[in-house]
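*Asks:* Before I ask anything, let me first share the structure, which is written out below as structure tokens.
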């Protein structure tokens, strides 16, 4: 074994615990042409980058037999699809932010340090609740709006920028000048040869830039004010307040807790320098629901997220906080996973783009559960000839696949049309509690909406509506079917030509129920009965029953289970594991697996299989596996001898003991850093386990 065989694999170089270093100078290549190594390296990197840009990040599927054209088509489909859906998400977020953004912009525009605020700094406090991450997007949109107006600039500060007052001033001045002009102008201000030479933390630099550009407001936004050091924040506010007569400052504080907590972190003298106004920006649950439902309502081509994944996403957003931006990223990942790992997704391109299907893809289609179910259906209806053709002829299979996807798409659109109608109808029925749109979508994706409590109670309530309530409920929504539209026209004609005054009531109306009391044998007996209906009300009741039956029959026809559709595997992504493992990862399990089976994650340079304990593994993996085999307490010397024996200690000519010892100590320090081992209190030359695998 070479002495430096594990130096690169030792990992985590540069940690403070390192006690020894192995230096090996790189070998210099003799260049006869005189071309510098640096120039050749740059040329190589640029060429590799340009060649890599032409390669799709997706990999061939179908056991590697998928054509390059299909791989590229899957990637292009994903990019085009997500570009459209991301536009939808951003439109919703802009709409949600628009009101708060408008109020903040008006506050900045109207703030006057002389008249309204009596020498105090105008301060906007943006309460964002748990979603402090959304402040960045809000401030970015505010920056664009202020830039378009041309009379204000925005400086955004993070807690990492203000380790001390000097760094905070440097950051504020640099960001302000580059926002008003550019980075070259900032350097010119620092290196100006006229007048006094100013330091980067001198506010006179900003003052000169403000006067030069005629800026009326310098807005300083503290993105996460609770994360700032309170003493530095207090000193910064006090210092900037003293410059308020020369530089028109406006503060924005993003808070996740409350204004009271922000005030408690600052001295009273500092709080008196601020004149605040609260902007509440906490209604994110509605944003998540709107994003979720919009992606289904405006999706006419697919793919759609399935019932299991949708249920998991919405449950997670309800159990713990989830920002709209993060929710959008999860949705994007689900779409990417569908196109990345599903070879059938190329069928979404259609017959014109997709072209002729390769034999491996046709074989994959034949192995899907929906195809088998479709063939069984053909056999049940005695159409064995079509079933045989689809099994044997790839051309006929491709034609039927594209046709089946087109039909399945239309049925998916019908499902979501019914959901939209149901939600709108419930919203118009004032007697009913408003339905959660996302809940109805999830039930429809699982084929459970037809027999759900929501639909059953809605139809029961519809039968009890009087003529005015029914006209209101059906007045502002489109009709489901021609049959229901015709019945509704009959009801409206009856209402228009009725002779009696007042509203027409259905026989199911609770107000028509009468309670009668009779005494029989000294006992009080309560009986329930119906009031007598007029001929018009009887006719109205009959029409309402027909209308509700028509709606129920239509919904029963359209609200099918999406997994009963032909080639639903192409249209619906319903695998929970990729989403769950990515966005709720089991970190400890992943670390343990990486240490015990490193070549599940790393490429092996050796051709054959690598043994469980061998010198070909990274040093920390060797030490970790020895650590697993030991008891609760292990002697460090015994651990070292076992480690050295695996590295090649028996062949002293090939392995330098000092090199191996330094690698051992580095790997041991890494295990300590991860909290897996510590020095034993009872025996100083022993290590005690502080973590057991699987616990």
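Residue numbers (the numbering used here): 289 to 983.
Positions of the beta carbon are idealized from the N, C-alpha and C atoms, including for glycine.
1. Whose CA, out of 931, 874, 759, 435, lies closest to the CA of residue 909?
2. So residue 628 is in the alpha helix (DSSP H); what residue range does that whole segment cover?
3. Quick one, are the C-beta atoms of residue 539 and residue 411 less than 8 Å apart?
4. Are residue 512 and residue 447 close, meaning C-beta to C-beta below 8 Å?
5. Where residue 660 and residue 890 are concerned, what is the direct C-alpha to C-alpha distance, given to the nearest angstrom?
6. Measure the Cβ-Cβ separation of residue 616 and residue 640 and say whether it is below 8 Å.
7. Residue 525 bridges to which residues according to DSSP?
8. Using 10 angstroms around the beta-carbon of residue 362, count the other beta-carbons present and answer buried if the total reaches 16, otherwise exposed.
9. Mapping DSSP to helix, strand and coil, what is residue 922?
10. Across the segment 857-864 and the segment 692-701, are there enough close Cβ pairs to call them in contact, namely three or more that are closer than 8 Å?
11. Express the C-alpha separation of residue 413 and residue 564 in angstroms, rounding to a whole number.
12. Would you call the CB atoms of residue 828 and residue 772 closer than 8 Å?
13. Assuming residue 525 contacts residue 561 (C-beta within less than 8 Å), just tell me the rounded distance between them.
14. To the nearest angstrom, how far is the alpha carbon of residue 766 from that of residue 709?
15. Does residue 961 pass the burial test, meaning 16 or more other C-beta atoms within 10 Å, or should it be called exposed?
16. Assign residue 332 to one of two classes, buried (16 or more other C-beta atoms within 10 Å of its C-beta) or exposed (fewer than that).
17. Should residue 933 be labelled buried (16 or more other beta-carbon atoms within 10 Å of its own) or exposed?
18. Can you list, in chain order, the residues of its chain whose CB lies under 7 Å from that of residue 764, leaving out five sequence neighbours each side?
19. Along the chain, where does the alpha helix (DSSP H) that runs through residue 384 open and close?
20. Give the DSSP-derived three-state secondary structure of residue 820 in the structure shown.
21. Can you tell me whether DSSP reads residue 441 as helix, strand or coil?
22. Sort out for me which residues DSSP pairs residue 877 with in a bridge.
23. Compare the Cα-Cα distances from residue 595 to each of 491, 948, 726 and report the closest residue.
24. If we require 4 or more residues per run, which alpha helix (DSSP H) segments fall completely within the segment 621-690?
25. Less than 8 Å between the beta carbons of residue 507 and residue 442, yes or no?
26. Are residue 380 and residue 505 touching if we call contact CB-CB under 8 Å?
27. Tell me whether residue 592 sits in a helix, a strand or coil according to DSSP, three-state version.
28. Which one of 416, 405, 394, 471 has the shortest CA to CA distance from residue 546?
29. Using C-beta distances below 8 Å, list every residue in its chain close to residue 458, excluding the 5 sequence neighbours before and after it, in chain order.
30. Quick check: residue 779 and residue 835, are their CB atoms within less than 8 Å of each other?
31. Taking the alpha helix (DSSP H) that residue 568 falls in, what are its first and last residues?
32. Let me confirm a value: residue 958 is counted as buried when at least 16 other C-beta atoms fall within 10 Å, else exposed. Which label applies?
33. Check whether the Cβ atoms of residue 618 and residue 601 lie closer than 8 Å to each other.
34. Which same chain residues end up closer than 6 Å to residue 493 when comparing Cβ atoms and leaving out the 5 residues on each side of it in sequence?
35. Helix or strand or just coil, what does DSSP make of residue 507?
36. Pull up the DSSP beta-bridge partners for residue 966, would you.
*Replies:* Let me spell this out:
1. In the chain shown, counting from the first residue as 1, residue 909 sits at position 621. The candidate whose alpha carbon is nearest that of residue 909 is 931.
2. Against the chain shown, residue 628 aligns to sequence position 340. Residue 628 -> alpha helix (DSSP H) spans 612-629.
3. Working through the chain shown from its first residue, we reach residue 539 at position 251. Working through the chain shown from its first residue, we reach residue 411 at position 123. Cβ atoms of residue 539 and residue 411: closer than 8 Å.
4. Position 224 of the chain shown, counting from 1, holds the residue named residue 512. Position 159 of the chain shown, counting from 1, holds the residue named residue 447. In this structure, residue 447 lies closer than 8 Å to residue 512 by Cβ.
5. Along the chain shown, one-based indexing puts residue 660 at 372. Along the chain shown, one-based indexing puts residue 890 at 602. So the two alpha carbons sit approximately 39 Å from each other.
6. Mapped onto the chain shown, residue 616 falls at position 328. Mapped onto the chain shown, residue 640 falls at position 352. Their beta carbons are not under 8 Å apart, which means residue 616 does not touch residue 640 by this criterion.
7. Mapped onto the chain shown, residue 525 falls at position 237. According to DSSP, residue 525 bridges with nothing at all.
8. For the purposes of this step, residue 362 is taken as residue 74 along the chain shown, with counting starting at 1. The residue is buried, with at least 16 neighbouring Cβ atoms inside 10 Å.
9. Taking the first residue of the chain shown as 1, we reach residue 922 at position 634. The answer is strand: DSSP assigns residue 922 an E or B state.
10. yes
11. Position 276 of the chain shown, counting from 1, holds the residue named residue 564. Position 125 of the chain shown, counting from 1, holds the residue named residue 413. Between residue 564 and residue 413, the C-alpha separation is close to 7 Å.
12. Indexing the chain shown from 1 puts residue 828 at position 540. Indexing the chain shown from 1 puts residue 772 at position 484. No, these two residues do not count as a Cβ contact at 8 Å.
13. Taking the first residue of the chain shown as position 1, residue 525 is located at position 237. Taking the first residue of the chain shown as position 1, residue 561 is located at position 273. About 6 Å; that satisfies the 8 Å criterion.
14. Taking the first residue of the chain shown as 1, we reach residue 766 at position 478. Taking the first residue of the chain shown as 1, we reach residue 709 at position 421. Distance between the alpha carbons of residue 766 and residue 709 is about 8 Å.
15. Within the chain shown, numbered from 1, the residue matching residue 961 stands at position 673. With fewer than 16 other Cβ atoms within 10 Å, it is exposed.
16. Position 44 of the chain shown, counted from the start, is the residue given in the question as residue 332. For residue 332, the pLDDT reaches just 40, beneath the cut-off of 50, and the residue's location in the model is therefore unreliable, although a value from the coordinates is still provided. Label assigned to residue 332: exposed.
17. Start at 1 with the first residue of the chain shown, and residue 933 comes out as number 645. By the 10 Å Cβ count, residue 933 comes out exposed.
18. Numbered from its first residue, the chain shown carries residue 764 at position 476. 716, listed in sequence order.
19. The count along the chain shown starts at 1 and reaches residue 384 at position 96. Start and end: 356-398.
20. As a working mapping, residue 820 is identified with position 532 in the chain shown. DSSP places residue 820 in coil when its eight states are reduced to three.
21. Your numbering for residue 441 matches position 153 in the chain shown. Residue state, collapsed to three classes: strand.
22. The residue you call residue 877 lines up with position 589 of the chain shown. Answer is none; residue 877 lacks a bridge partner.
23. The sequence position of residue 595 within the chain shown is 307, counting from 1. If we check each option's Cα against that of residue 595, 726 comes out closest.
24. 638-642, 647-654, 657-668, 672-680
25. Stepping through the chain shown from its first residue, residue 507 is reached at position 219. Stepping through the chain shown from its first residue, residue 442 is reached at position 154. Result yes, Cβ atoms of residue 507 and residue 442 sit closer than 8 Å.
26. Counting from one through the chain shown, the residue named residue 380 turns up at place 92. Counting from one through the chain shown, the residue named residue 505 turns up at place 217. No, these two residues do not count as a Cβ contact at 8 Å.
27. Locating residue 592 in the chain shown gives position 304, where the first residue counts as 1. If DSSP states are grouped into helix, strand and coil, residue 592 belongs with the strands.
28. Here residue 546 corresponds to residue number 258 of the chain shown, with the count starting at 1. Nearest option by C-alpha distance: 416.
29. Within the chain shown, residue 458 is the residue found at index 170, counting from 1. Result list for residue 458: 488, 489, in chain order.
30. Taking the chain shown and counting its residues from 1, the one referred to as residue 779 is at position 491. Taking the chain shown and counting its residues from 1, the one referred to as residue 835 is at position 547. Against a cut-off of 8 Å, the Cβ pair of residue 835 and residue 779 comes out as a contact.
31. The sequence position of residue 568 within the chain shown is 280, counting from 1. Counting along the chain, residue 568 falls outside any alpha helix (DSSP H), though it belongs to the beta strand (DSSP E) covering 562-568.
32. As a first step, residue 958 is located in the chain shown; it is residue number 670 there, counting from the start. That one is buried.
33. The residue you call residue 618 lines up with position 330 of the chain shown. The residue you call residue 601 lines up with position 313 of the chain shown. Against a cut-off of 8 Å, the Cβ pair of residue 601 and residue 618 comes out as a contact.
34. Here residue 493 refers to the residue found at position 205 of the chain shown. Taken in chain order, the residues that qualify are 461, 477, 486.
35. Residue 507 sits at position 219 when you count from the first residue of the chain shown. Here residue 507 sits in strand by DSSP.
36. Here residue 966 refers to the residue found at position 678 when the chain shown is read from its first residue. Per DSSP, 976.
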